[in-house]
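Each protein sequence line maps, in turn, to chains G and S. In short: position in the first sequence from 1, add 23, done, that's this note's numbering. In short: position in the second sequence from 1, add 23, done, that's this note's numbering. Everything below concerns the one structure shown next.
Protein chains: 2
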Amino acid sequence: MAVLRIGLAQVDVTVGDLEGNLRVIADCLESARAEEVDLLVFPELALTGYPPEDLLLNPSFIDANLKALQKLIPQTKGITLVVGFVDRDRDLYNAAAVLSDGKWVGTYHKAKLPNYGVFDEYRYFRPGQKVPIFTDGRVRLGITICEDLWHPTGPIEAEVRQGGADVVINLMASPYHRTKGAEREAMFATRALDYGVIVAFCNHAGGQDELIFDGRSSIFTANGELLARAKSFEEDLLMADVDLIEVLRHRLRQPRLRLAPTTTEEEYSVPEIPLPRPLVSEQKSSGLKPRIAFSPQGPEEIYRALVVGTRDYVQKNGFERVAIGLSGGIDSALVATIAVDALGPKDVIGVFMPSRFSSEASRKDAHKLAKNLKIRLLEIPIDEIFDVFLKALAPFLDKKAPGKTEENLQARIRGTLLMALSNRFNWLVLATGNKSEFAVGYATLYGDTAGGLAVLKDVPKTLVYELARWRNSKNPVIPKRVFTRPPTAELRPCQRDEDDLPAPYSALDPILQAYVEQDRSLREIVQQGFPADVVRRVIDLVHQNEYKRRQSPVGLKITPRAFGKDRRFPITLRWRSKSDEP
Amino acid sequence: MAVLRIGLAQVDVTVGDLEGNLRVIADCLESARAEEVDLLVFPELALTGYPPEDLLLNPSFIDANLKALQKLIPQTKGITLVVGFVDRDRDLYNAAAVLSDGKWVGTYHKAKLPNYGVFDEYRYFRPGQKVPIFTDGRVRLGITICEDLWHPTGPIEAEVRQGGADVVINLMASPYHRTKGAEREAMFATRALDYGVIVAFCNHAGGQDELIFDGRSSIFTANGELLARAKSFEEDLLMADVDLIEVLRHRLRQPRLRLAPTTTEEEYSVPEIPLPRPLVSEQKSSGLKPRIAFSPQGPEEIYRALVVGTRDYVQKNGFERVAIGLSGGIDSALVATIAVDALGPKDVIGVFMPSRFSSEASRKDAHKLAKNLKIRLLEIPIDEIFDVFLKALAPFLDKKAPGKTEENLQARIRGTLLMALSNRFNWLVLATGNKSEFAVGYATLYGDTAGGLAVLKDVPKTLVYELARWRNSKNPVIPKRVFTRPPTAELRPCQRDEDDLPAPYSALDPILQAYVEQDRSLREIVQQGFPADVVRRVIDLVHQNEYKRRQSPVGLKITPRAFGKDRRFPITLRWRSKSDEP
Chain G
24 MAVLRIGLAQ VDVTVGDLEG NLRVIADCLE SARAEEVDLL VFPELALTGY PPEDLLLNPS
84 FIDANLKALQ KLIPQTKGIT LVVGFVDRDR DLYNAAAVLS DGKWVGTYHK AKLPNYGVFD
144 EYRYFRPGQK VPIFTDGRVR LGITICEDLW HPTGPIEAEV RQGGADVVIN LMASPYHRTK
204 GAEREAMFAT RALDYGVIVA FCNHAGGQDE LIFDGRSSIF TANGELLARA KSFEEDLLMA
264 DVDLIEVLRH RLRQPRLRLA PTTTEEEYSV PEIPLPRPLV SEQKSSGLKP RIAFSPQGPE
324 EIYRALVVGT RDYVQKNGFE RVAIGLSGGI DSALVATIAV DALGPKDVIG VFMPSRFSSE
384 ASRKDAHKLA KNLKIRLLEI PIDEIFDVFL KALAPFLDKK APGKTEENLQ ARIRGTLLMA
444 LSNRFNWLVL ATGNKSEFAV GYATLYGDTA GGLAVLKDVP KTLVYELARW RNSKNPVIPK
504 RVFTRPPTAE LRPCQRDEDD LPAPYSALDP ILQAYVEQDR SLREIVQQGF PADVVRRVID
564 LVHQNEYKRR QSPVGLKITP RAFGKDRRFP ITLRWRSKSD EP
Chain S
24 MAVLRIGLAQ VDVTVGDLEG NLRVIADCLE SARAEEVDLL VFPELALTGY PPEDLLLNPS
84 FIDANLKALQ KLIPQTKGIT LVVGFVDRDR DLYNAAAVLS DGKWVGTYHK AKLPNYGVFD
144 EYRYFRPGQK VPIFTDGRVR LGITICEDLW HPTGPIEAEV RQGGADVVIN LMASPYHRTK
204 GAEREAMFAT RALDYGVIVA FCNHAGGQDE LIFDGRSSIF TANGELLARA KSFEEDLLMA
264 DVDLIEVLRH RLRQPRLRLA PTTTEEEYSV PEIPLPRPLV SEQKSSGLKP RIAFSPQGPE
324 EIYRALVVGT RDYVQKNGFE RVAIGLSGGI DSALVATIAV DALGPKDVIG VFMPSRFSSE
384 ASRKDAHKLA KNLKIRLLEI PIDEIFDVFL KALAPFLDKK APGKTEENLQ ARIRGTLLMA
444 LSNRFNWLVL ATGNKSEFAV GYATLYGDTA GGLAVLKDVP KTLVYELARW RNSKNPVIPK
504 RVFTRPPTAE LRPCQRDEDD LPAPYSALDP ILQAYVEQDR SLREIVQQGF PADVVRRVID
564 LVHQNEYKRR QSPVGLKITP RAFGKDRRFP ITLRWRSKSD EP
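Given below as structure tokens:
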């Protein structure tokens, strides 16, 4: 046996926290060394956290990141480590350092820079053109960073064809959206199979603002089979033994790559860099059984993403407790449940703020939920405040029937009360609006949008129900009636969401998905079977409410396109549905 | 004489408004034809407005933009027109169409795509590699788009060296920051001189969200002299006659370019495209005198930028009137003055909302300002509302001395009152915070940050005073005492800004400029003469308050780096001053 023991250090680091991240890396290094790991891989930009955004434009941050890397070098005696950092010559590079046996052996620069969706890498980095092969004389190792391996050709092709790589590793910062884990796994299996090499990727775990990293770091054999997989969403150190002889035998059986060459010789240079210590050992007792961790699917996957995203946002920003306005409805019930799963019941405070329009059912359901979740519930009635506001405004408002002004006023009183509690007790307020509401602006700016994090900002209303049902199937904490009562904001008598919205949620959500996530035209959406006037109204509302979304809290991304860095629209915009008549 | 009459159509279009923009273009076309213009140039992406951002990802928008361009073609009988639009093959291009005598003659694709600062062009476009020369057999015309000509080499070099261009035009969308107009002018003069060609650029005028386009479209002679300049900030149609014989003579006198060649032959292809009608005419009576419009400088330039940015934000978003919380302080006084200059006094409403902590001086100054500006002033006292809030919260708040909670509460009551008026009367609320406050978070989220547009978000406090002084020098509308009283939020007895802030504004502003705009390190700022503990505190406050800025209204960019698209920082960030000890 010629065994290479690979370790994938799936860490949850914090952007900018060079000292803390260095500590996390050093701890993993010790654990891996104890397990006789030969090659230990960390995620993309593990040293700085991902994404550092414009902190990269600060030269002293780049200096500090290089100093931190220097501190790591002497700690690599007896092991080979690959870690993401920011390299600099005249330009900056999204880079991987190979440190081995106390030496900085070489560096790889990311060649394919993503500049779409949530990514802005051309803003900071220059693409690399050198793809070194690292070798101990027996095994040949190629390195790639995230996007590099999302392209069927590119660095991996040069590494395999020109450099004869046996193993290609990938340092990754691949943000979660629903089902992405499975898609990523299928794609990386294909890369391994196409090129007949072992492929191992190491992703981040945990949340960073709107992004959630789902981990699931994996190793694939040269014929594309999943050999090992780390946990989803959590930190993990995944280890597996790779048999070099098997890789080479596989190559002999399948001497041709499955793909015709596309990379021209000049595109990448492929220098060879010797490693100061062997990666492969004969002696190793290969008692290590590769582990394939369970990965959740469907509503469970999304629910866990939201729990991790909430926990990390709260904790990495230095908060212990959160406050949530509980209305008795489904959105706030789900947010409270997620918060309790993220932080525990003692660190979640519910605040019920009834008005003359609140029903007894709402009060009972809010209290029942709080009891089921074992959280504190404060009750602060708002009627008196509402009346004093109306009195102060009376000389200036004309005598119209109460309308949006009065409805928004109630929502803003609630937002102000929550923020007062937040100011006094340092509780982070979690906003409870969902994606359907944010899309069409069915929310009061500075009212129910107030808060530090909008947990459901990327969760359409119909998915809110699905997640709540799934969570209740484990342990029924959300009262039954919350599922069956028609959704209402309770800002006027007998109000129902579906009277205010252009369509019931069951139609609104697929229209929004088609328009917001898939860039479908009015014509195409109408062809899917929705009435043209409804679709038109939805599109117009989406654009008219950009200003509300721009001032709303950051929300956790769980779809291919979230409201946030993912979707950048002007506020001043005169493109409306009529510009695109079917 | 062989005269080419160039027209630069410096328009103020709206993003997404294809129909409206087409109308603006057609109107300019008629005016230019009446003046016998041979070559009429519009700004970059004039058809779509700039920047369309993710609207570009919507295929039906691209279709509609191509249809709009088609409609323009038959209108170009007897004239040659160059207009910015979005071209598409498999990819999208930031493009210029050359339409001449009723035919679409050819297309230029922007070669250098900016992806820094406020720009994200790699997100949407593919760079062009073809730089055609358009010719009527006598004059040779090269086209460039904005960034293309900010590089000393690139397309212009290929056009001149390989294509023998006599005239290079530039379609521009160059957002304003202070002194940029003058820098741009100096640079384009250099390009004309370096390459010995006539250079003419056409910029946008007016505001688009945070961006202000300052116009100043200009034409430079082949020896780098300014021949003509359009107005600053406003729409304008600039026309000038260029004598081709003079250009050619100039070339004969100075047969060599001032620069050594840098563009390799393969980088760009330079096809020649014939024009269906002559650009140059002998007969033209050259009675047209080139006009060099006045361009404001210093505080006047910035003040006018803010006026235009405010006017366009309000009007393009469909509002007529604005409401401003007048505190009696300098910030709100300046915002009200700018609003009156932008919209006229009848469309500006001041709202004075005193509490027990408001001084008589504040009331008097607010009223005096309103009187001087001839605007309506509403007075809504907030004490009763404040008391009822405190009563509602009393069972939950511990009995601490009043602090931040109570201060923020007052600010949020004011924000809520302004928003109620906004909801009822459709007044857009203008927020009055300045850049110094936004930088260190000296503002209440959902309180004084509430509003649709933060007019002074990019104006440091010391510049607020300078702008107010300049405006008063024209006509003293802001009461004298507003300049001399120490700034205060009046949220507690005897409060003064400078007691709450880490340094007086005279020190705070240069520290902020060094850190936020210039990416200086702690060490460098301390070397400029500021105490290390103060600088450290400022840096930490800047990072701690990212969450407030992210939920604050869009603000008008007037410095090289504004809080907005220009500066992208994570909220979750553990990079602090201590990470960078001097």
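Backbone N, C-alpha and C fix where the C-beta goes; we use that ideal spot for every residue, glycine too.
Within the segment 379-466 of chain S, the complete beta strand (DSSP E) segments of 3 residues or longer fall at 399-402, 450-454, listed in chain order. If you keep only unbroken alpha helix (DSSP H) runs of at least 4 residues inside the segment 39-69 of chain S, you get 41-57. Under the DSSP assignment, M262 of chain G falls in the beta strand (DSSP E) whose first and last residues are 259-266. Here the segment 262-279 of chain G does not lie against the segment 66-82 of chain G, with fewer than 3 beta-carbon pairs under 8 Å apart. The C-beta distance from V330 of chain G to D364 of chain G rounds to 5 Å, short enough to fall under 8 Å.
Per DSSP, the beta bridge partners of T158 of chain G are G:R163, G:P297. Within the segment 131-143 of chain G, the residues whose Cβ lies closer than 8 Å to some Cβ of chain S are N138, Y139, D143, listed in chain order. Listed along chain G is no residue with a C-beta nearer than 7 Å to that of S318 of chain S; the closest approach is about 25 Å. For H200 of chain G, same chain residues with a beta-carbon under 7 Å away, outside a window of 5 residues either side, are K580, I581, T582, P583 in chain order.
The secondary-structure analysis by DSSP pairs C225 of chain G across a beta bridge with G:L194. Spatial neighbours of G470 of chain G in its own chain (CB-CB distance under 7 Å, excluding positions within 5 residues in sequence) are listed in chain order as N431, A434, R435, R437, G438. At a cut-off of 8 Å between beta-carbon atoms, S381 of chain G makes no contact with chain S. Nearest Cα to T285 of chain G within the set G:I179, G:Q231, G:P404, G:D124: G:I179. In this structure, the alpha-carbon of V500 of chain S lies about 5 Å from that of N395 of chain S.
The beta carbon of V303 of chain G sits closer than 8 Å to those of A25, V26, L27, D61, D159, R161, V162, L267, all from its chain and outside the five residues before and after it, given in chain order.
The C-beta distance from E76 of chain S to P593 of chain G rounds to 5 Å, short enough to meet the 8 Å contact threshold. Note that the segment 440-448 of chain S does not touch the segment 541-552 of chain S; fewer than 3 beta-carbon pairs, one per stretch, sit closer than 8 Å.
Leaving aside the five residues that flank A512 of chain S on each side, the residues in its chain whose CB is nearer than 7 Å to its CB run, in chain order, Q518, D520. For P533 of chain S, no Cβ of chain G is located within less than 8 Å of the residue's own Cβ.
Counting only residues of its own chain and dropping the five nearest sequence neighbours on each side, E323 of chain G has a CB closer than 8 Å to the CB of W493. Per DSSP, G373 of chain G is one residue of the beta strand (DSSP E) stretching across 371-375.
In the three-state scheme derived from DSSP, where H, G and I count as helix and E and B as strand, Q541 of chain G is classed as coil. Around the Cβ of D112 of chain G, a 10 Å sphere holds fewer than 16 other Cβ atoms; the residue is exposed.
Under the 8 Å criterion on CB atoms, A417 of chain S is classed as non-interfacial with respect to chain G. Residues of the segment 432-449 of chain S whose Cβ lies closer than 8 Å to any Cβ of chain G, in chain order: L432, R435, I436, G438, T439, L440, M442, A443, L444, N446, R447.
When the five nearest sequence neighbours on each side are left out, the beta carbons in the same chain lying within less than 7 Å of the beta carbon of P368 of chain G are those of L396, K397, I398, in order along the chain. The alpha-carbon of R560 of chain S is positioned some 26 Å away from that of Q574 of chain G. Residues of the same chain with a CB within less than 6 Å of the CB of K339 of chain S, apart from the 5 flanking positions on each side, are T37 in chain order. Annotation for K126 of chain S: no alpha helix (DSSP H) segment contains it, though the beta strand (DSSP E) segment containing it runs 126-132.
Straight-line spacing of the CA atoms in N495 of chain G and E540 of chain S works out to 50 Å. Judged by DSSP secondary structure, S83 of chain G falls within the alpha helix (DSSP H) whose first and last residues are 82-95. By the beta-carbon neighbour count (other beta carbons within 10 angstroms, threshold 16), F236 of chain S is buried. Look at G332 of chain S here: in three-state DSSP terms it is helix. Residue environment for G310 of chain G: exposed (fewer than 16 other C-beta atoms within 10 angstroms of its C-beta). Within 8 Å of the CB of E76 of chain G, the CB atoms of chain S belong to R591, F592, P593, in sequence order along the chain. An exposed status is given to F506 of chain G, since fewer than 16 other beta-carbon atoms sit within 10 Å of its beta-carbon.
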